[in-house]
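Novice:
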Amino acid sequence: MPELLKGGNTTVGAGPLTAELRSAGDPVDLSALLVGADGRVRSDADLVFYNQPTVESGAVRHLAAEAGAPERIAVDPGALPADVDRVVLVASCDPDDTSRTFREVGGVTVQAAQDGAEPIVFRQPPLVDGERAVLLMELYRRAGGWKLRAIGQGYAEGLAGLATDFGIDVSEPEAPAEPTPAPVPAAAPPSLVKPPLGRVSLDKGGQVSISLDKKDRELVVTVALEWDGGSDQRRRRGADLDLYALFVPASKAQRGGSQAPGTIVKTGLAKQMPQKGDKGPKADVVYYKNLGSLQQAPYIQLDGDSQVPGRETVRIVRPDQQGYVLLCAYSALSNGFGSFKSFGAQVVVDDGRGSHVTVPLFENTKTRYWVAIALVDFTATDGAAIHHIEAYSGRMTERRPVLHPDGTIEMNAGPVEFKGRD
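FYI, the numbering for the sequence shown is 0 to 421, going by numbering that gives the first Met the number 0.
Dropping the structure here:
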């Protein structure tokens, strides 16, 4: 029986798929989210659970546990609307018992089965930090077909907090107020809010600004590294790229320096000396060894490690806590020496409010392990500025870039980190 590890993925067929949930201790609830390409649901109706057991005329159904059978979610991929990019499976503790967490639940296993194929199993690693919900698996579109990925990311705020992150309103309805005479409407003040950008693609060295409210606790900025591998030969070899989100929190960010944010400063090809207070290679970066968190600092979280062509996504919340975020890609040695552009790599930034910015690559620079692709500057007064960077590491250099507190970028100056080593 095939088994996925956290972050792993596999191709599945286009036929109906049934996922069943089992736990070692007390039962937990299974639900599903229908998510668009922007990482958010289309409406509150896109949550499938015990109180809303079917959507899209049965394309996704919740099947309650009965007669010894575990709780299940049934998905018919062929019946899903085109604007549904993925179906995310979620396990959660009883919302009425806030004292219960997955530490008490114990082992959780999800098994996905299709007719004519071996079931695929994901055994959730232990959750011991007060998590009350967990993203288990996602069924997602890829190159005209479907793939299944093991996520394994816990949420301390339970199903309500998780659902809110995906754009679902879980607040209790207010009691109806006593009817009052309708007031005479006042003239509406002129709106100072900039309209969303729509879909834009940056030119080399270009930048755009997204208008956003820094105090908006519901805002989720989704940033994805997308790549298709570029060729069948590369795809057979794996074509493994990794998304790194280097960050400077708002409390440490500097503005008004002699260099503009996004400026490339001197390259540090010499061995970097340890700095006082250095916290090691996992400090101030979200990547496959340090997935981050949306419930606490840095309020940036990676969805997992895709080891084949596809998409790796970070979600960013609490814009008031963000300074600068630099999006970089790393190409493992096993990929060979082709350019990042030849892998079809690009970064896509989406605020979930109508602004969708693509940051492509233009250079066929080869024999490079690192590229800094885009900088998101949250220190901008009216929102966030997105800069096209496209700066490459030195030839055959494994040192990752460094993001300085003023938003400037130094290539070849960070830690060396070979994938597969701790």
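All C-beta atoms, glycine included, are put in the ideal place defined by N, C-alpha and C.
Count the CB pairs spanning the region 282-292 and the region 132-147 that are closer than 8 Å, and state whether there are at least three.
Specialist: Segments in contact, no.
Novice: Looking at glutamine 123: is its Cβ nearer than 7 Å to the Cβ of valine 107?
Specialist: To locate residue 123, count along the sequence shown from 1; it is residue 124. To locate residue 107, count along the sequence shown from 1; it is residue 108. Yes, they are a contact pair.
Novice: On a CA-only basis, which of Ile388, Glu117, Pro359 and Thr10 is nearest tryptophan 226? Give me that one, please.
Specialist: By 1-based counting over the sequence shown, the position of residue 226 is 227. Cα-wise, what sits closest to tryptophan 226 is Pro359.
Novice: Quick one: grab the DSSP three-state call for threonine 163.
Specialist: In the sequence shown, the residue the question calls residue 163 occupies position 164. Of the three classes helix, strand and coil, the one that applies to threonine 163 here is helix, per DSSP.
Novice: From glycine 12 to glutamine 113, what does the alpha carbon distance come to, in whole angstroms?
Specialist: As a first step, residue 12 is located in the sequence shown; it is residue number 13 there, counting from the start. As a first step, residue 113 is located in the sequence shown; it is residue number 114 there, counting from the start. Approximately 8 Å between the Cα atoms of the pair.
Novice: Under 8 Å, with one C-beta from each stretch per pair, do the region 311-327 and the region 195-207 reach the 3-pair mark?
Specialist: The region 311-327 is not in contact with the region 195-207.
Novice: Which of helix, strand or coil does DSSP assign to asparagine 289?
Specialist: What you label residue 289 is simply residue 290 of the sequence shown in a count that begins at 1. Asparagine 289: strand per DSSP, three-state reduction.
Novice: What span of residues does the alpha helix (DSSP H) with arginine 102 cover, start to end?
Specialist: One-based indexing of the sequence shown puts residue 102 at position 103. Start and end: 101-104.
Novice: Any idea what DSSP makes of serine 392, helix, strand or coil?
Specialist: Mapped onto the sequence shown, residue 392 falls at position 393. DSSP places serine 392 in coil when its eight states are reduced to three.
Novice: Kindly indicate the opening and closing residues of the beta strand (DSSP E) around lysine 146.
Specialist: The count along the sequence shown starts at 1 and reaches residue 146 at position 147. Residues 144-154.
Novice: Drop a sphere of 10 angstroms on the beta-carbon of glutamine 51, count the other beta-carbons inside from all chains shown, and report buried for 16 or more, exposed for fewer.
Specialist: Within the sequence shown, the letter at position 52 stands for residue 51. Glutamine 51 should be labelled exposed.
Novice: For the region 397-414 and the region 207-220, state whether three or more C-beta atom pairs, one from each stretch, are separated by less than 8 Å.
Specialist: No, the region 397-414 does not touch the region 207-220.
Novice: With C-beta atoms as the reference, is glutamate 409 less than 7 Å away from valine 285?
Specialist: Here residue 409 refers to the residue found at position 410 of the sequence shown. Here residue 285 refers to the residue found at position 286 of the sequence shown. Against a cut-off of 7 Å, the Cβ pair of valine 285 and glutamate 409 comes out as no contact.
Novice: Buried or exposed: arginine 39, going by 16 or more other Cβ atoms within 10 Å of its Cβ?
Specialist: The residue labelled residue 39 in the question sits at position 40 within the sequence shown. Buried, by the Cβ-count rule.
Novice: So who's on the other strand from alanine 244, going by DSSP bridges?
Specialist: As a first step, residue 244 must be located in the sequence shown, where it is residue number 245. For alanine 244, which the question treats as bridged, DSSP gives the partners Val285 and Leu326.
Novice: Hey, how far is the Cα of lysine 5 from the Cα of serine 257?
Specialist: Locating residue 5 in the sequence shown gives position 6, where the first residue counts as 1. Locating residue 257 in the sequence shown gives position 258, where the first residue counts as 1. When rounded, the distance between both Cα atoms is 44 Å.
Novice: Please confirm whether leucine 20 and valine 109 have their CB atoms less than 7 Å apart.
Specialist: The residue given as residue 20 occupies position 21 in the sequence shown. The residue given as residue 109 occupies position 110 in the sequence shown. In this structure, valine 109 lies closer than 7 Å to leucine 20 by Cβ.
Novice: Where DSSP assigns a beta bridge to phenylalanine 121, which residues make up the other side?
Specialist: By 1-based counting over the sequence shown, the position of residue 121 is 122. According to DSSP, which records beta bridges pairwise, phenylalanine 121 is partnered with Leu3 and Val109.
Novice: Output needed for aspartate 304: all residues of its chain with C-beta closer than 6 Å, excluding positions within five of it in sequence on either side, in chain order.
Specialist: Translated into the one-based positions of the sequence shown, residue 304 becomes position 305. So the list reads Gly6 and Tyr287, once near-sequence residues are dropped.
Novice: For alanine 111, which option in Pro69, Pro195, Ile372 and Ser250 has the closest C-alpha, if you only look at C-alpha atoms?
Specialist: What you label residue 111 is simply residue 112 of the sequence shown in a count that begins at 1. Cα-wise, what sits closest to alanine 111 is Pro69.
Novice: Measuring alpha carbon to alpha carbon, tell me which residue in Gly166, Ser250, Glu2 and Gln300 is nearest arginine 352.
Specialist: Position 353 of the sequence shown holds residue 352. It is Gly166.
Novice: Using C-beta distances below 6 Å, list every residue in its chain close to valine 348, excluding the 5 sequence neighbours before and after it, in chain order.
Specialist: The residue given as residue 348 occupies position 349 in the sequence shown. For valine 348, where only same-chain residues beyond five positions count, the Cβ hits under 6 Å are Val222, Val356 and Ile385.
Novice: Quick check on DSSP: helix, strand or coil for aspartate 93?
Specialist: Translated into positions along the sequence shown, residue 93 becomes position 94. Looking at aspartate 93 - three-state DSSP - the assignment turns out to be coil, as it is neither helix nor strand.
Novice: Going along the chain, which residues of its own chain have a beta-carbon closer than 7 Å to the beta-carbon of aspartate 45, five neighbours each way excluded?
Specialist: For the purposes of this step, residue 45 is identified with residue 46 of the sequence shown, where counting begins at 1. Here the set comprises Leu32, Leu33 and Val54.
Novice: Terminal residues of the continuous beta strand (DSSP E) containing glycine 197?
Specialist: The sequence position of residue 197 within the sequence shown is 198, counting from 1. Run containing glycine 197: 197-200, per the beta strand (DSSP E) assignment.
Novice: Helix or strand or just coil, what does DSSP make of serine 230?
Specialist: Taking the sequence shown and counting its residues from 1, one reaches residue 230 at position 231. It is coil, neither helix nor strand.
Novice: Given this structure, state the Cα-to-Cα distance separating isoleucine 72 from threonine 312, to the nearest angstrom.
Specialist: For the purposes of this step, residue 72 is taken as residue 73 along the sequence shown, with counting starting at 1. For the purposes of this step, residue 312 is taken as residue 313 along the sequence shown, with counting starting at 1. Roughly 24 Å separates the two Cα atoms.
Novice: Note down, in chain order, each residue of its chain lying with its Cβ closer than 7 Å to the Cβ of threonine 9, except the 5 sequence neighbours on either side.
Specialist: By 1-based counting over the sequence shown, the position of residue 9 is 10. Result list for threonine 9: Pro1, Leu3, Ile119, Lys146 and Leu147, in chain order.
Novice: In this structure, what does DSSP give as the bridge partners for isoleucine 372?
Specialist: The sequence position of residue 372 within the sequence shown is 373, counting from 1. According to DSSP, which records beta bridges pairwise, isoleucine 372 is partnered with nothing at all.
Novice: Taking a contact to mean a Cβ-Cβ separation below 7 Å, would you say leucine 29 touches alanine 78 in this structure?
Specialist: Here the question's residue 29 lines up with position 30 in the sequence shown. Here the question's residue 78 lines up with position 79 in the sequence shown. Cβ distance not < 7 Å, so leucine 29 and alanine 78 don't count as in contact.
Novice: Here's a check: name, in chain order, each residue in its chain whose Cβ is nearer than 8 Å to the Cβ of glutamine 306, leaving out the five neighbours to either side.
Specialist: Within the sequence shown, the letter at position 307 stands for residue 306. Contacts found: Gly6, Gly7, Asn8, Gly237 and Asp239.
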